[in-house]
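Read top to bottom, the protein sequences are chains A, B, C and D.
Letter by letter, the first sequence follows residues 122 to 323 in the working numbering.
Letter by letter, the second sequence follows residues 122 to 323 in the working numbering.
Letter by letter, the third sequence follows residues 122 to 323 in the working numbering.
Letter by letter, the fourth sequence follows residues 122 to 323 in the working numbering.
C-beta: ideal position from N, C-alpha, C; glycine also.
Protein chains: 4
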Amino acid sequence: MADLTALALICSLTPSPAPSSSELMAQHVLKELEDHGAATSSLRVVDHNVMPGVQVDMGDGDAWPGIREQILAADILVIATPIWMGHPSSIAQQVIERLDADLAETDDAGRPVMYGKVAVVAVVGNEDGAHNTFADIQQALNDVGFTTPAQGNTYWVGEAMQTVDYQDLDSVPEKVASATAGAAQNAVHLARLLKKEPYPAG
Amino acid sequence: MADLTALALICSLTPSPAPSSSELMAQHVLKELEDHGAATSSLRVVDHNVMPGVQVDMGDGDAWPGIREQILAADILVIATPIWMGHPSSIAQQVIERLDADLAETDDAGRPVMYGKVAVVAVVGNEDGAHNTFADIQQALNDVGFTTPAQGNTYWVGEAMQTVDYQDLDSVPEKVASATAGAAQNAVHLARLLKKEPYPAG
Amino acid sequence: MADLTALALICSLTPSPAPSSSELMAQHVLKELEDHGAATSSLRVVDHNVMPGVQVDMGDGDAWPGIREQILAADILVIATPIWMGHPSSIAQQVIERLDADLAETDDAGRPVMYGKVAVVAVVGNEDGAHNTFADIQQALNDVGFTTPAQGNTYWVGEAMQTVDYQDLDSVPEKVASATAGAAQNAVHLARLLKKEPYPAG
Amino acid sequence: MADLTALALICSLTPSPAPSSSELMAQHVLKELEDHGAATSSLRVVDHNVMPGVQVDMGDGDAWPGIREQILAADILVIATPIWMGHPSSIAQQVIERLDADLAETDDAGRPVMYGKVAVVAVVGNEDGAHNTFADIQQALNDVGFTTPAQGNTYWVGEAMQTVDYQDLDSVPEKVASATAGAAQNAVHLARLLKKEPYPAG
């Protein structure tokens, strides 16, 4: 029986069922999380009608409240995003904006509702921008209450100005696979610690 | 008769007609551009069905091609964006993603189609994040072919962790008004120079 | 008896004994860490001859190996930096560069030597740039093996284009004091968990 | 006779005469600038005793005032920097900090002293971080008064997590050479326009 749950939000600009390098990278992270005992699920955010805004619920037709329930039920959140122009995708930024509302939401002990959850960031791009993308996403998730495990990221990008996709690689480079495995292992370890001994109320 | 045209893309998350601090800041920039002889227009991107993606036209129902025509017709592009979690809004990032397609589009002389246009970035937020927002937007627009005038930005943010909006201020602080005026003046000067003597073909 | 140790590296551009807002903010963080049972120390990096480079020891006269010993002996690392032009100070970036060498240094179990340590980032500036500064410093420390506690940052900046320093404030704003206290509390909790149950070897 | 002058500040962490990929990239940019009629010079900042601080002159022994005179005499400034941990080098950030003082320095017409100068950013790294490095350096230079030409950057980085240097390549990839040539051509064109018709006084 899995003692932890992990949810991957895939922030590709491309709706299903078209293939997505972000989804592939998310699957690689989730596979590692499963090997360490987590039950996992994932969704492509662009497949859902997430409305622009910074409230928990933007009203009629907004798909975010349903996604938020899945985040609240998870111990580990994986944000998988492509790089566009050196930045996280607009969909990833939209996820961050919707999570912004949870800065003001607290549990019975007065802690932000996202406290104790662990975040992993997974990034793919043709070229350049992974570190900036981690930095932006980690900082935002950390502001909202997520904890970042040691080396809690993984990524692949090609050489400068190249156009190959992660999903086009014959095989995952060993260093990338190792980063993916390490991030997952550390996330699971940290999530178990925080589940057993949550952050104290302020 | 105006010899230049300027277009402001307002990247608020809030649809019209609700008030928007980004729109107010855009109006302040456009007013200065008009005083220097530019004909101006603006639109809130969130009011239009801009589809996710990185192609010039994402197909049926996509509002981007119409917006892109307006950009192509303008000499000066103003991007006005709120700050969310320290970053440009998801709408601003979406604009950048849609402009990405124009890296591959060239004019008859083989120059990128956006060459010779001048960009101004205008940013508002409750607190913190303006410089990073400039940096991200300027870099992306520059990659696509826009030229950035000296001190080509303006912004307002409040003190750390505060919640007042630009539109709630009794008056625009003098330094902010001065930055707005300077960015506009330099943009107009540069746009005239580049209109008269375009970048050479490569 | 303290069961944890914390070290603050103050990344002001100004040598001692001149007053420094970064140092003041570091003291506020350290005071909170002490209240939670940590023994603390601090140093201003600019007072020491840290040589440019990315090796553990850059040779004759390099003060970094001594500072690195203090980091290795600490459970919690506080990086306190001013903002210059919206970025971490050059001294903070230099600290990051020197830590880069530790990506390749491992303990007896094959884990990076910085694994299990917890990082807090404390930022001050006249205006704007704190979130970007967190993002850059957290991402770099995380890459090297530090863990970031929930809301593991604190900061103060003034309104846009203002010139007041943190050390000039009559009192620390309540929200800032609360952020400082929260970051410290979470850092201590996390450091104790990771000390008791370290990340597994890969 | 050259009608323009260009200065490259090489922000490698490595003192001369050791080889430097940043210096090689700077030479490639300068060669293009010369082909377009500019007289060029360069220096490695780390070879000089540039003191920490944000004043025009930090006092006894400070090498910055001499470097600043060379910047003031140049029409085009090239900042060439390696990427460390996804960021501009600490030396590049130090250059930015020293230029910060020039926000307050004005010419006889009341314009910031750096107005009318054009900036090019050249970046090299083993892997990832070029776009963020451009963004940070461009934004800072633009704040001080430099103008950024269309596509005013060039860079090379390898695939994710690789360790090859720019100076180790058998040849410069064609796309990189093309970016270098384009940035230089646009910088020269813009510098000539701004020299002939400077920005107006405010």
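*Counting only the same chain and skipping the five closest in sequence on each side, list residues whose C-beta sits under 6 angstroms from that of D223 (chain B).*
In the second sequence, residue 223 (chain B) corresponds to position 102, counting from 1. Here the set comprises V234, M235, V265.
*Can A123 (chain D) and V199 (chain D) be called in contact, C-beta distance under 8 angstroms?*
For the purposes of this step, residue 123 (chain D) is identified with residue 2 of the fourth sequence, where counting begins at 1. For the purposes of this step, residue 199 (chain D) is identified with residue 78 of the fourth sequence, where counting begins at 1. No, Cβ-Cβ distance for A123 (chain D) and V199 (chain D) is not below 8 angstroms.
*the region 195 to 221 of chain B: which residues have C-beta closer than 9 angstroms to a C-beta of chain A, in chain order?*
W205, M206, G207, H208, P209, S210, S211, I212, A213, Q214, Q215, V216, I217, E218, L220, D221
_6 angstroms CB neighbourhood of T135 (chain C) in its chain, flanking five on each side removed_ = In the third sequence, residue 135 (chain C) corresponds to position 14, counting from 1. Excluding positions up to five away in sequence, the list reads S141.
*Short check: CB of W205 (chain A) to CB of V175 (chain B), under 8 angstroms?*
As a working note, residue 205 (chain A) is residue 84 in the first sequence. As a working note, residue 175 (chain B) is residue 54 in the second sequence. Closer than 8 angstroms, so yes.
_Please classify T301 (chain C) as buried or exposed, where buried requires at least 16 neighbouring CB atoms within 10 angstroms._
For this step, residue 301 (chain C) is matched to residue 180 along the third sequence. Burial of T301 (chain C) is indicated by the presence of at least 16 other C-beta atoms within 10 angstroms of its C-beta.
*When DSSP builds the beta bridges, which residues end up paired with T268 (chain D)?*
Taking the fourth sequence and counting its residues from 1, one reaches residue 268 (chain D) at position 147. T268 (chain D) is bridged to D:V239.
_Residue interval of the alpha helix (DSSP H) (run including P203 (chain A))_ = On the first sequence, residue 203 (chain A) is found 82 positions in, with the first residue counted as 1. It is not in any alpha helix (DSSP H) - P203 (chain A) instead sits in the beta strand (DSSP E) that spans 197 to 205.
_Test item: CB-CB of G187 (chain B) and Q306 (chain D) under 8 angstroms_ = Here the question's residue 187 (chain B) lines up with position 66 in the second sequence. Here the question's residue 306 (chain D) lines up with position 185 in the fourth sequence. No, the pair does not count as a contact, with Cβ atoms beyond the cut-off.
*Is G187 (chain D) helix, strand or coil by DSSP?*
As a working note, residue 187 (chain D) is residue 66 in the fourth sequence. Residue state, collapsed to three classes: helix.
*Give a yes or no on whether the minimum CB-CB distance between K238 (chain A) and chain D is below 8 angstroms.*
As a position in the first sequence, residue 238 (chain A) is number 117, starting the count at 1. No, its Cβ sits nowhere closer than 8 angstroms to a Cβ of chain D.
*According to DSSP, is N253 (chain C) helix, strand or coil?*
Counting from 1 along the third sequence, the entry for residue 253 (chain C) is found at position 132. N253 (chain C): helix per DSSP, three-state reduction.
_Minimum Cβ-Cβ distance from L134 (chain B) to chain A less than 8 angstroms_ = Translated into positions along the second sequence, residue 134 (chain B) becomes position 13. Yes, because at least one Cβ of chain A sits closer than 8 angstroms to the Cβ of L134 (chain B).
*Leaving out the 5 sequence neighbours to the left and right, which residues in its chain are closer than 6 angstroms to A129 (chain D) when beta-carbon positions are compared?*
Here residue 129 (chain D) corresponds to residue number 8 of the fourth sequence, with the count starting at 1. A147, L151, S163, V199, A201, listed in sequence order.
*Using the beta-carbon count (16 or more within 10 Å), is A139 (chain C) buried or exposed?*
Sequence index remark: in the third sequence, residue 139 (chain C) carries index 18 (1-based). Burial call: exposed.
*Interface partners of A147 (chain D) on chain A, CB under 7 angstroms*: What you label residue 147 (chain D) is simply residue 26 of the fourth sequence in a count that begins at 1. Under the 7 angstroms cutoff, chain A gives no residues; its nearest Cβ is about 17 angstroms from A147 (chain D).
*Looking at the structure shown, is G279 (chain B) part of a helix, part of a strand, or coil, going by DSSP?*
As a working mapping, residue 279 (chain B) is identified with position 158 in the second sequence. G279 (chain B) falls in the strand class under three-state DSSP.
*Does the distance from the C-beta atom of F267 (chain C) to that of A240 (chain C) stay below 8 angstroms?*
By one-based count along the third sequence, residue 267 (chain C) stands at place 146. By one-based count along the third sequence, residue 240 (chain C) stands at place 119. Yes.
*Residues that N233 (chain C) contacts on chain D, provided the C-beta gap is smaller than 9 angstroms*: In the third sequence, the residue the question calls residue 233 (chain C) occupies position 112. In the sequence under discussion, the amino acid at residue 233 (chain C) is Pro, which differs from the Asn named in the question. By Cβ distance, chain D contributes nothing, its closest Cβ being about 14 angstroms from P233 (chain C), past 9 angstroms.
*Can you have a look at A261 (chain C) and say buried or exposed, based on whether 16 or more other CB atoms are within 10 angstroms of its CB?*
Along the third sequence, one-based indexing puts residue 261 (chain C) at 140. Around the C-beta of A261 (chain C), 16 or more other C-beta atoms lie within 10 Å, and the residue is accordingly described as buried.
_Distance between beta carbons of T275 (chain C) and A304 (chain C), contact taken as under 8 angstroms_ = As a position in the third sequence, residue 304 (chain C) is number 183, starting the count at 1. As a position in the third sequence, residue 275 (chain C) is number 154, starting the count at 1. Indeed, because the Cβ distance is near 5 angstroms, the residues count as touching under 8 angstroms.
*State the Cα-Cα distance for the pair R219 (chain D) and V171 (chain D), rounded to the nearest angstrom.*
Position 98 of the fourth sequence, counted from the first residue, corresponds to residue 219 (chain D). Position 50 of the fourth sequence, counted from the first residue, corresponds to residue 171 (chain D). Rounded to the nearest angstrom, the gap between the Cα atoms of R219 (chain D) and V171 (chain D) is 9 angstroms.
*Could you have a look at E226 (chain B) and say whether DSSP puts it in helix, strand or coil?*
As a first step, residue 226 (chain B) must be located in the second sequence, where it is residue number 105. E226 (chain B): coil per DSSP, three-state reduction.
*Give the secondary structure of V244 (chain D) by DSSP, where H, G and I count as helix, E and B as strand, and everything else as coil.*
Your numbering for residue 244 (chain D) matches position 123 in the fourth sequence. Looking at V244 (chain D) - three-state DSSP - the assignment turns out to be strand.
*Looking at the C-beta of D168 (chain C), does it have a partner C-beta in chain D at a distance below 8 angstroms?*
Taking the first residue of the third sequence as position 1, residue 168 (chain C) is located at position 47. Judged by the 8 angstroms Cβ criterion, D168 (chain C) is not in contact with chain D.
*Hey, is G250 (chain B)'s beta-carbon within less than 8 angstroms of any beta-carbon in chain D?*
As a first step, residue 250 (chain B) must be located in the second sequence, where it is residue number 129. Not one chain D Cβ lies under 8 angstroms of G250 (chain B).
*Closer than 7 angstroms by beta-carbon distance: list the chain B residues that pair up with Q259 (chain A), in chain order.*
Taking the first residue of the first sequence as position 1, residue 259 (chain A) is located at position 138. In chain order: nothing, as chain B lies at least about 11 angstroms away.
*Under 8 angstroms, do Q214 (chain D) and H208 (chain C) count as touching if we go by C-beta distance?*
Taking the fourth sequence and counting its residues from 1, the one referred to as residue 214 (chain D) is at position 93. Taking the third sequence and counting its residues from 1, the one referred to as residue 208 (chain C) is at position 87. Cβ distance < 8 angstroms, so Q214 (chain D) and H208 (chain C) count as in contact.
_Check whether chain A comes within 8 angstroms of P138 (chain B), counting only Cβ atoms and requiring the distance to be less than that._
Your numbering for residue 138 (chain B) matches position 17 in the second sequence. Interface annotation, P138 (chain B): not in contact with chain A, CB-CB separation never under 8 angstroms.
*Mind pulling the chain C residues with CB within less than 7 angstroms of G279 (chain B)?*
Start at 1 with the first residue of the second sequence, and residue 279 (chain B) comes out as number 158. By Cβ distance, chain C contributes E280.
*DSSP state of R165 (chain D), grouped into three classes?*
Locating residue 165 (chain D) in the fourth sequence gives position 44, where the first residue counts as 1. DSSP places R165 (chain D) in strand when its eight states are reduced to three.
*asked:* Restricting to Cα atoms, I'd like to know which of C:R232, C:A281, C:P173, C:Q272 is closest to W185 (chain C).
replied: Within the third sequence, numbered from 1, the residue matching residue 185 (chain C) stands at position 64. Closest by alpha carbon: C:P173.
_Where the alpha helix (DSSP H) containing L290 (chain D) begins and where it ends_ = On the fourth sequence, position 169 is the one that residue 290 (chain D) refers to. If you look at L290 (chain D), you'll find it isn't in any alpha helix (DSSP H); DSSP assigns it neither H nor E.
*asked:* When you compare the CB of D183 (chain B) with every CB in chain A, is at least one pair closer than 8 angstroms?
replied: As a first step, residue 183 (chain B) must be located in the second sequence, where it is residue number 62. Output row for D183 (chain B): interface = no.
*Identify the contact partners of V297 (chain C) in chain B, using a Cβ-Cβ distance below 8 angstroms as the criterion.*
On the third sequence, position 176 is the one that residue 297 (chain C) refers to. A281, M282, listed in chain order.
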